[in-house]
Each structure stands twice: as structure tokens, then as C-alpha cells.
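What follows is one structure encoded as C-alpha cells, with my remarks underneath.
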Amino acid sequence: MAKISGNPFLEFDPSKLMGDLKVPGVDVESIIASQRRNIEAVTAANQLAFEGFQAIVRRQAEVLRTVAEDVNRAVGELTAAGTPEEKAAKQADLVKTAFEKSLSNIRELSEMIAKSNTEAAEILTKRVSDSLDEVKAAIAKAKA
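Counted the way UniProt numbering counts, the sequence shown spans residues 1 to 144.
Below, the structure written as C-alpha cells:
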């Protein structure tokens with residue numbers, strides 16, 4: 001491992017230490033490779049979760065911008081001339097439309113969150129399954 005800094009803990013290479021240990025019946029290289037795949041899976045899951053989070057934040061910003069535009073337009077419509085009855089009917093229509101849009105936005109954001117979580121969990125679930133298969137294979141190999 002290349003020197004990163006003067007800190008000996010950052011320069012420590014566990015694969016070299018494990019490679020130097022000769023334990024009968026233990027394939028150190030396969031253990032190291034398995035742990036490396038574990039780290040890669042966690043990294044991939046974290047990356048997907050982060051990308052999902054970014055997409056959700058972007059969508060929330062879009063929703064907020066749209067809501068602000070809708071409120072400005074609604075205020076203009078409500079301040080327009082008209083009878084109190086017309087204004088009350090218009091206000092009811094605006095509230096109903098705003099409520100329906102809010103539900104739609106909540107549903108969309110919830111689906112985005114669920115999709116992001118599912119994708120990240122699938123990566124980890126597959127890695128756990130693969131890791132268990134690796135353990136079974138190592139046990140079978142050690143018995144042979």
C-alpha cells in the first residue's frame with residue numbers, strides 16, 4: 001500500500017498481515033476478497049441511497065417552486081373583482097385543487113423514497129446471500 005501520510009495507522013495494510021499469517025485450512029485471500037466485495041456492496045448501496053436522496057431533494061424543490069407559483073396565481077384570482085359568493089366558490093376550487101396536488105406530490109415523493117430504499121436494500125441482500133454462499137463453499141472446501 002502506498003504511503004498516505006505519516007500516520008502509521010493509515011499505512012497499515014491488513015491484507016499483508018493476513019497474508020503473512022499461515023493458518024492451516026484458512027484461505028486468507030478468499031476472506032480478504034469476500035470482505036472487499038462486502039465493502040463494495042455497502043459503497044454501492046450508499047451511492048444509490050445518496051443519489052436517491054438528491055433526486056428527492058430536487059423534486060421537493062420543484063414542488064415548492066410550483067406551490068409558490070400556484071399561491072401567487074391564486075391570490076391574484078381571489079383579489080379579482082367578483083361577488084362574495086363567486087370568491088367563496090373560487091376559493092373552494094383553489095383549496096380542492098391544492099389539496100389534490102399535495103396528495104399527488106406526497107404520493108410521488110413516497111414512491112421515490114421507497115424505490116431508492118428498495119434498490120439499496122437489494123444490493124445488500126444480494127451481497128449477504130452471496131457471502132453466505134461463500135461461507136458454505138469455504139466450509140465444504142475445508143472439509144475436503
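From the three backbone atoms N, C-alpha and C, an ideal C-beta is built for every residue, glycine too.
Keep in mind that this is a model prediction, so the values were computed, not measured.
Measure how close the beta-carbons of residue i and residue j come, nearest whole angstrom, since I'm counting them as under 8 angstroms.
i    : j    : result
V63  : N105 : 5 angstroms
L103 : A74  : Not really, about 17 angstroms apart at Cβ, beyond 8 angstroms.
E100 : S34  : Not quite, the Cβ-Cβ distance comes to about 51 angstroms (not below 8 angstroms), so this is no contact.
E111 : L48  : The pair is not a contact, with the Cβ atoms about 16 angstroms apart (cut-off 8 angstroms).
A54  : L109 : Reading the sequence as shown, one finds Gln at residue 54 and not Ala. No, Q54 and L109 are not in contact; Cβ-Cβ is about 13 angstroms, not under 8 angstroms.
Output needed for residue i: all residues of its chain with C-beta closer than 8 angstroms, excluding positions within five of it in sequence on either side, in chain order.
i   : result
S30 : E134, A138
I56 : L109, M112, I113, S116
E77 : K90, L94
By the 10 Å Cβ neighbour count, where 16 or more other Cβ atoms means buried, how is residue i classified, buried or exposed?
i           : result
residue 155 : With the chain covering 1 to 144 only, the question about residue 155 has no answer from this structure.
A52         : The amino acid at residue 52 is misidentified as Ala; the sequence shows Gly. G52 comes out buried.
Going by CA-CA distance only, name the one from the options that's closest to residue i.
i    : options       : result
T125 : A45, R36, V57 : A45
E69  : A80, A92, A98 : A98
Here's a check: name, in chain order, each residue in its chain whose Cβ is nearer than 7 angstroms to the Cβ of residue i, leaving out the five neighbours to either side.
i    : result
A41  : I123, L124, R127
D27  : A138
S131 : S34, N38
Check: What residue ranges within the segment 26 to 109 form continuous beta strand (DSSP E) runs of no fewer than 3 residues, ordered along the chain?
Finding: Fully enclosed beta strand (DSSP E) runs of 3 or longer: not present.
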